[in-house]
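Colleague: If you scroll down you'll find the structure; I have some questions about it.
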Ligand code: GLU
């Protein structure tokens with residue numbers, strides 16, 4: 001005879017025993033729960049995504065084969081507004097990862113007080129292996145499979161690792177065709193010519209700089225002349241390196257899948273970018289820096305380290321080699337909880353992803369507002385508003401950290417979870 005399911009146990013797909021990003025997210029919730037007072041009775045809401053969709057994405061390849069890809073969209077929480085969060089195309093995408101990323105979007109959106117819940121999507125695919133036509137067919141089929149789950153008032157995708165403004169253009173177009181009307185606000189991070197926002201492309205990297213600048217001010221550090229290292233030269237790392245450089249910091253090391261570069265006098269990221277765009281320009285043949293073995297990146301002496309690649313990069317083993325005073329999490333989930341504890345023990349402050357990389361979704365929000373009103377702002381205006389939103393969020397989170405004697409991640413989670421769970425409690429359960 002089958003025993004009755006134990007209702008106090010988590011559903012099987014939420015298995016917290018498997019190490020990985022979702023287990024990390026649950027651990028972070030455990031740490032915040034004692035600080036939530038009365039609202040703690042609602043915390044389990046955050047331990048289960050509200051809605052999880054897994055779809056088959058069949059694609060006709062250029063050589064005639066039909067290949068099936070796994071697609072996901074998870075709406076983690078919708079208590080404060082429609083779902084919001086990117087779509088990732090990467091070979092390591094799986095349900096656990098998308099669930100964690102959606103949970104971090106709930107926290108991030110609430111931490112900077114955007115009127116959104118949290119969501120995330122992804123397809124388990126290596127986009128670099130697809131032709132442009134295959135990538136377009138994959139994107140359109142995935143969007144079609146999401147059906148009515150997305151929409152400007154329901155759930156609004158955006159770029160993430162492996163996706164960009166072109167992918168958003170295909171998503172918007174597919175949605176418009178399937179629904180018989182154009183809704184620019186169904187996705188953000190669109191090309192400027194189709195309702196995208198100025199400043200969106202660099203917003204996540206710029207936000208990393210703003211939050212770091214605020215932290216450095218409180219820690220008695222100077223931006224000008226400080227040594228910065230950046231892991232990842234994609235959507236986030238590339239912009240972060242450029243903004244730090246333009247603000248007078250010295251970018252001494254950069255790492256990407258193409259290689260690891262070091263120059264103690266500073267690398268000009270604009271120059272590196274130009275070099276990589278030239279025919280035959282690679283990381284290995286960049287003339288104005290030395291090529292390092294990948295593993296040496298972490299030990300490069302610096303004041304600020306920006307991990308802007310993938311999750312799980314800073315493990316306890318890596319943490320022991322880090323010499324930075326400040327870590328700015330441009331990526332989502334780059335530091336494991338054990339490594340974070342060690343870093344704090346070493347006197348290194350970690351600016352958590354859910355605050356440090358919130359600049360992207362903040363300008364996504366500006367884009368969505370501009371789409372709703374069909375009135376577009378200047379880039380200067382957008383950057384100034386972004387700066388204000390992030391500096392104010394940083395200031396209040398810094399105070400909570402001081403007051404409660406917790407690290408900045410827990411302080412950000414306290415702020416965000418209080419907002420989400422208060423909304424949850426006020427809305428009540430139906431029926
Ligand atoms: N993918 C980005 C993130 O992880 C941006 C999400 C958005 O703009 O909705 O925050």
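Numbering (the numbering used here), first residue to last: 1 to 431.
A virtual CB, placed ideally from N, CA and C, is assigned to each residue, including glycine.
Between the Cα of residue 255 and those of 105, 269, 246 and 243, spot the shortest distance and give me the residue it belongs to.
Modeller: The shortest Cα separation from residue 255 among 105, 269, 246 and 243 belongs to 269.
Colleague: Mind checking residue 288: buried by the 16 CB within 10 Å criterion, or exposed?
Modeller: Classification of residue 288: exposed, given that the 10 Å Cβ count is below 16.
Colleague: Are there 16 or more other CB atoms within 10 angstroms of the CB of residue 142, so buried, or fewer, so exposed?
Modeller: Buried: at least 16 other Cβ atoms inside 10 Å.
Colleague: Which residues mark the beginning and the end of the beta strand (DSSP E) in which residue 260 is found?
Modeller: Per DSSP, residue 260 belongs to the beta strand (DSSP E) from 259-262.
Colleague: Residue range of the alpha helix (DSSP H) that residue 495 falls in?
Modeller: Outside the shown range of the chain, which is 1 to 431, sits residue 495, and nothing can be said about it.
Colleague: With a CB to CB cut of under 7 Å and the five nearest residues on each side skipped, what residues in its chain are close to residue 266?
Modeller: For residue 266, where only same-chain residues beyond five positions count, the Cβ hits under 7 Å are 250, 251 and 252.
Colleague: Along the chain, where does the beta strand (DSSP E) that runs through residue 45 open and close?
Modeller: No beta strand (DSSP E) contains residue 45, which DSSP labels as neither H nor E.
Colleague: Tell whether a beta-carbon distance below 8 Å holds between residue 96 and residue 18.
Modeller: Yes, the Cβ-Cβ distance between residue 96 and residue 18 is below 8 Å.
Colleague: Cβ of residue 159 versus every heavy atom of the ligand GLU: is any distance shorter than 7 Å?
Modeller: For the ligand GLU, at least one heavy atom lies less than 7 Å from the Cβ of residue 159.
Colleague: Which whole-angstrom value is the C-beta distance of residue 119 and residue 161, which I expect to be below 8 Å?
Modeller: 16 Å between Cβ atoms; not a contact.
Colleague: Cβ-heavy atom distance between residue 226 and the ligand GLU below 7 Å?
Modeller: Outside the cutoff, so no.
Colleague: So what's residue 357 in DSSP terms, helix, strand or just coil?
Modeller: Residue state, collapsed to three classes: coil.
Colleague: What residue range does the alpha helix (DSSP H) around residue 395 cover?
Modeller: 379-404 is the extent of the alpha helix (DSSP H) around residue 395.
Colleague: Nearer than 7 Å: is that true of the beta carbon of residue 188 relative to any heavy atom of the ligand GLU?
Modeller: Residue 188: yes, Cβ under 7 Å from the ligand GLU.
Colleague: Have a look at 280, 261, 29 and 131 and flag the residue whose alpha-carbon is nearest the alpha-carbon of residue 292.
Modeller: That would be 261, whose Cα lies nearest to the Cα of residue 292.
Colleague: With the cut-off set at 8 Å, would you say residue 371 and residue 332 are in Cβ contact?
Modeller: No, these two residues do not count as a Cβ contact at 8 Å.
Colleague: Please state whether DSSP places residue 140 in a helix, a strand or coil.
Modeller: Here residue 140 sits in helix by DSSP.
Colleague: To which residues of the same chain is residue 340 closer than 6 Å at the C-beta, ignoring the five residues directly before and after it?
Modeller: The residues are 350.
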